[in-house]
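Participant: Residue numbers (this note's numbering), protein chains in the order written: chain X, 1 to 282; chain P, 1 to 254.
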């Protein structure tokens with residue numbers, strides 16, 4: 001029985017394709033899980049989702065013209081940011097509405113381009129990701145992303161806490177809130193650009209938002225939240241790949257489902273430990 | 001006593017809009033100064049000028065390089081996964097280069113500040129789980145970590161129960177006795193009477209001086225408008241501004 005389980009767990013690792021996929025989701029999990037904590041605490045989940053969707057036309061144009069996806073995605077993000085700033089500056093339109101209008105328009109444009117007859121195959125992987133098709137370059141990018149995110153979050157930890165905790169007093173404490181906001185947004189954009197190639201345009205936000213929300217439910221300190229969020233993201237990514245392997249489901253979607261499933265599980269864990277505490281106290 | 005802050009004919013505001021004009025006062029080491037005034041009267045603007053967040057529009061201002069501030073507690077996030085020690089440590093972040101996060105020395109300084117305000121035993125407690133009075137003291141500790149000679153407190157008593165308020169008032173007296181100057185924005189005229197000097201603001205400086213000289217009916221009317229309330233049968237001693245004749249005024253601040 002144990003041998004059978006061991007075999008079942010080991011089996012996917014014999015495939016080069018899956019080994020690379022495991023590595024890719026683990027690296028993206030570390031980066032997305034840790035960065036996601038600040039996305040959630042700064043209440044940027046909606047912004048992150050909007051940015052991810054708004055870069056679709058850039059990705060599609062890159063796919064059509066043969067440019068690197070990274071370049072297309074970066075251009076898409078830039079256009080989206082400018083369009084949101086422009087729409088938001090119209091007095092009668094609130095910021096919220098501006099984001100919604102611009103993102104829907106850009107995502108629609110991306111879909112329009114993608115569904116044109118001239119589009120080569122592979123659009124599906126832009127939308128839903130293709131962790132089984134990662135190249136060496138993708139892996140190197142994911143590795144670099146994980147390194148940059150961990151180093152940047154380590155260096156900026158104190159400043160991120162000060163601004164997130166009470167922005168109105170940051171200046172008096174010697175911290176420039178705008179610089180911290182910009183640094184965080186740049187990190188989010190870079191993470192989206194790199195992760196979108198493995199996890200897809202529609203699902204990439206799951207790795208930023210779901211593990212961090214789950215970690216928040218079970219952690220009482222920032223350091224614990226960062227570590228558990230990254231651990232949850234890595235575990236969910238690997239679990240999703242197992243599900244995909246044995247249930248023959250789409251890999252990107254299985255990973256997204258596993259990431260999101262961590263949230264009710266964390267909620268359950270918290271409820272159970274709460275009632276255990278109460279039982280002991282009674 | 002040394003003058004730590006000197007303001008002469010100071011005006012302040014935002015862009016072309018002058019919010020506060022003709023402010024002239026001094027704050028000496030060891031003094032508690034009550035800053036009275038209606039909401040929108042310029043109290044917060046004065047604090048921002050003293051902190052160096054905005055430049056004076058006119059006049060002269062001498063202030064120490066470092067002024068510490070204790071903001072209103074309701075601005076801080078109670079849902080953040082941080083301990084009292086984490087919050088006190090935030091006071092050290094601005095002293096470090098951007099690529100360094102607080103280390104052992106900074107945490108030791110934060111621990112000492114928590115000890116100074118009598119909350120050493122709560123260092124590991126989650127900030128959001130503390131009582132309102134304890135949270136206010138932790139924010140005082142965060143301000144003290146930078147060891148600034150001038151400490152500004154923005155309505156620190158709002159929302160505190162009587163026991164916590166008493167504790168905070170004792171703490172403020174101790175901080176002043178250590179040689180700091182404290183400017184405290186408040187609505188409590190009775191409290192202001194017990195302190196060293198009073199600065200009344202209402203878009204301009206209405207009065208500045210010892211409580212006995214400043215806290216007259218005329219000055220309070222000029223500060224708060226006509227709407228002040230006189231408690232029956234008690235002379236000048238019991239004049240209270242309109243929005244302070246019942247407890248709990250945390251809702252006043254937008």
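Beta carbons: idealized from backbone N, C-alpha and C, even for Gly.
1) Less than 6 Å between C-beta atoms, sequence neighbours within five positions excluded: which residues of the same chain meet that for residue 48 of chain P?
2) Nearest-angstrom Cα distance between residue 132 of chain X and residue 79 of chain X?
3) Leaving out the 5 sequence neighbours to the left and right, which residues in its chain are closer than 8 Å to residue 201 of chain P when beta-carbon positions are compared?
4) Using a Cβ cut-off of 8 Å, pull out every chain P residue sitting near residue 294 of chain X, in sequence order please.
5) Suppose you measure from the CA of residue 123 of chain P to the CA of residue 4 of chain X; what does that come to, to the nearest Å?
6) Looking at residue 64 of chain P and residue 148 of chain P, is the spacing between their C-beta atoms short of 8 Å?
7) Exposed or buried, what is residue 57 of chain X when buried is set at 16 or more other beta-carbons lying within 10 Å of its beta-carbon?
8) Assuming residue 73 of chain P is part of the alpha helix (DSSP H), what are its boundary residues?
9) Is residue 272 of chain X near the ligand NAD, with its Cβ less than 7 Å from a heavy atom?
10) Tell me whether residue 97 of chain P is buried or exposed, calling it buried when 16 or more other Cβ atoms sit within 10 Å of its Cβ.
11) Apply the 10 Å Cβ neighbour rule to residue 126 of chain X and answer buried if 16 or more other Cβ atoms are within range, or exposed otherwise.
12) Taking just the CA atoms, how far does residue 168 of chain P sit from residue 131 of chain P?
13) Any contact between the stretch 166 to 176 of chain X and the stretch 45 to 65 of chain X? By contact I mean 3 or more CB pairs, one from each, below 8 Å.
14) Please decide whether residue 227 of chain X counts as near chain P, where near means a Cβ-Cβ distance under 8 Å.
15) Report back the beta-carbon spacing between residue 294 of chain X and residue 40 of chain X to the nearest angstrom; my notes put them in contact at under 8 Å.
16) Compare the C-beta of residue 33 of chain X with all C-beta atoms of chain A and state if any pair is closer than 8 Å.
17) Using beta carbons (cut-off 8 Å, strictly below), is residue 63 of chain X in contact with chain P?
18) Looking at residue 200 of chain X and residue 128 of chain X, is the spacing between their C-beta atoms short of 8 Å?
19) Report all residues from its chain with a CB closer than 7 Å to the CB of residue 218 of chain X; omit the five preceding and five following residues, and keep chain order.
20) Below 7 Å between beta carbons is the criterion; list the residues of the stretch 32 to 58 of chain P that meet it against any residue of chain X, in chain order.
21) Just checking, does the stretch 154 to 170 of chain P make contact with the stretch 183 to 200 of chain P on the three C-beta pairs under 8 Å criterion?
22) Take every Cβ of the stretch 157 to 167 of chain X, pair it with every Cβ of the stretch 80 to 91 of chain P, and state whether three or more of those distances are shorter than 8 Å.
23) Between P:58, P:99, P:78, which has its C-alpha nearest residue 18 of chain P's C-alpha?
24) Could you spell out the range, first to last residue, of the beta strand (DSSP E) harbouring residue 36 of chain P?
25) For residue 195 of chain P, count neighbouring Cβ atoms within 10 angstroms of its own Cβ and tell me buried if that reaches 16, exposed if not.
26) Please confirm whether residue 278 of chain X has its beta-carbon closer than 8 Å to some beta-carbon of chain P.
27) Run down chain X in chain order and give the residues with a C-beta less than 8 Å from the C-beta of residue 96 of chain P.
28) Determine the burial state of residue 218 of chain P: buried for a count of at least 16 other Cβ atoms within 10 Å of its Cβ, exposed for fewer.
29) Using the beta-carbon of each residue, which ones in chain X are nearer than 8 Å to residue 91 of chain P?
30) From the DSSP secondary-structure annotation, give me the bridge partner or partners of residue 207 of chain P.
31) Under a three-way DSSP split, which group does residue 174 of chain X fall into?
32) Just tell me which of X:141, X:212, X:38, X:17 has its CA closest to the CA of residue 181 of chain X.
33) Nearest to residue 223 of chain X by CA position, among X:73, X:154, X:15, is which residue?
34) If the cut-off is 8 Å on Cβ atoms, which residues from the stretch 200 to 228 of chain X count as contacting chain P, listed in chain order?
35) Under 8 Å between the Cβ atoms of residue 263 of chain X and residue 214 of chain X?
36) Let me confirm a value: residue 211 of chain X is counted as buried when at least 16 other C-beta atoms fall within 10 Å, else exposed. Which label applies?
Facilitator: According to the structure shown:
1) In the same chain as residue 48 of chain P, and ignoring 5 residues on each side of it, the C-beta atoms closer than 6 Å to its own belong to 54, in chain order.
2) The straight-line gap from Cα to Cα measures roughly 30 Å.
3) Correct list, in chain order: 20, 23, 35, 36, 37, 41, 42, 43, 46, 223.
4) Residue 294 of chain X cannot be examined here, being either before or after the span of chain X that is shown, 1 to 282.
5) Spanning the alpha carbons of residue 123 of chain P and residue 4 of chain X requires a straight line of approximately 50 Å.
6) Annotated as proximal: residue 148 of chain P and residue 64 of chain P, with beta-carbon spacing under 8 Å.
7) Sixteen is the threshold: when 16 or more other Cβ atoms of the shown chains lie within 10 Å of the Cβ of residue 57 of chain X, as they do, the residue is buried.
8) Careful: residue 73 of chain P lies outside any alpha helix (DSSP H) and carries neither H nor E.
9) What this structure holds is no ligand at all, so the ligand NAD is not there to describe.
10) Exposed: under 16 other Cβ atoms inside 10 Å.
11) Result: buried.
12) Each residue's Cα considered, the two are about 13 Å apart.
13) Cβ pair count under 8 Å is below three, so no.
14) Taking Cβ atoms only, chain P never reaches closer than 8 Å to residue 227 of chain X, which makes this a no.
15) Coverage of chain X is limited to positions 1 through 282, which leaves residue 294 of chain X absent and any answer about it impossible.
16) The displayed structure is made up of protein chains X and P, and chain A is not among them.
17) No - not a single Cβ of chain P is within 8 Å of the one on residue 63 of chain X.
18) In this structure, residue 128 of chain X lies near residue 200 of chain X, with their beta-carbon atoms less than 8 Å apart.
19) Excluding positions up to five away in sequence, the list reads 228, 266, 269, 270.
20) Within the stretch 32 to 58 of chain P, 51, 53 place their CB atoms closer than 7 Å to a CB of chain X, listed in sequence order.
21) The way I'd put it, the stretch 154 to 170 of chain P does touch the stretch 183 to 200 of chain P; three or more beta-carbon pairs between them come closer than 8 Å.
22) Touching, yes, given that three or more Cβ pairs across the two stretches are closer than 8 Å.
23) For the residues P:58, P:99, P:78, the minimum Cα distance to residue 18 of chain P belongs to P:58.
24) From DSSP, the beta strand (DSSP E) with residue 36 of chain P extends over 32 to 36.
25) Burial check for residue 195 of chain P: the Cβ neighbour count within 10 Å reaches 16 or more, so the residue is buried.
26) For residue 278 of chain X, not one C-beta of chain P is nearer than 8 Å to its own C-beta.
27) The contacting residues are 158.
28) Of the residues assessed, residue 218 of chain P falls on the exposed side of the cut-off, its CB having fewer than 16 other CB atoms within 10 angstroms.
29) Identification of chain X residues near residue 91 of chain P by a Cβ-Cβ cut-off of 8 Å yields 173, ordered along the chain.
30) Paired residue(s): P:200.
31) Three-state result, residue 174 of chain X: coil.
32) Answer by Cα proximity: X:38.
33) Nearest to residue 223 of chain X by C-alpha distance, out of X:73, X:154, X:15, is X:154.
34) Within the stretch 200 to 228 of chain X, those residues whose Cβ lies closer than 8 Å to any Cβ of chain P are, in chain order, 216, 219, 220, 221, 222, 224, 225.
35) A contact, by the Cβ cut-off of 8 Å.
36) With 16 or more other Cβ atoms within 10 Å, it is buried.
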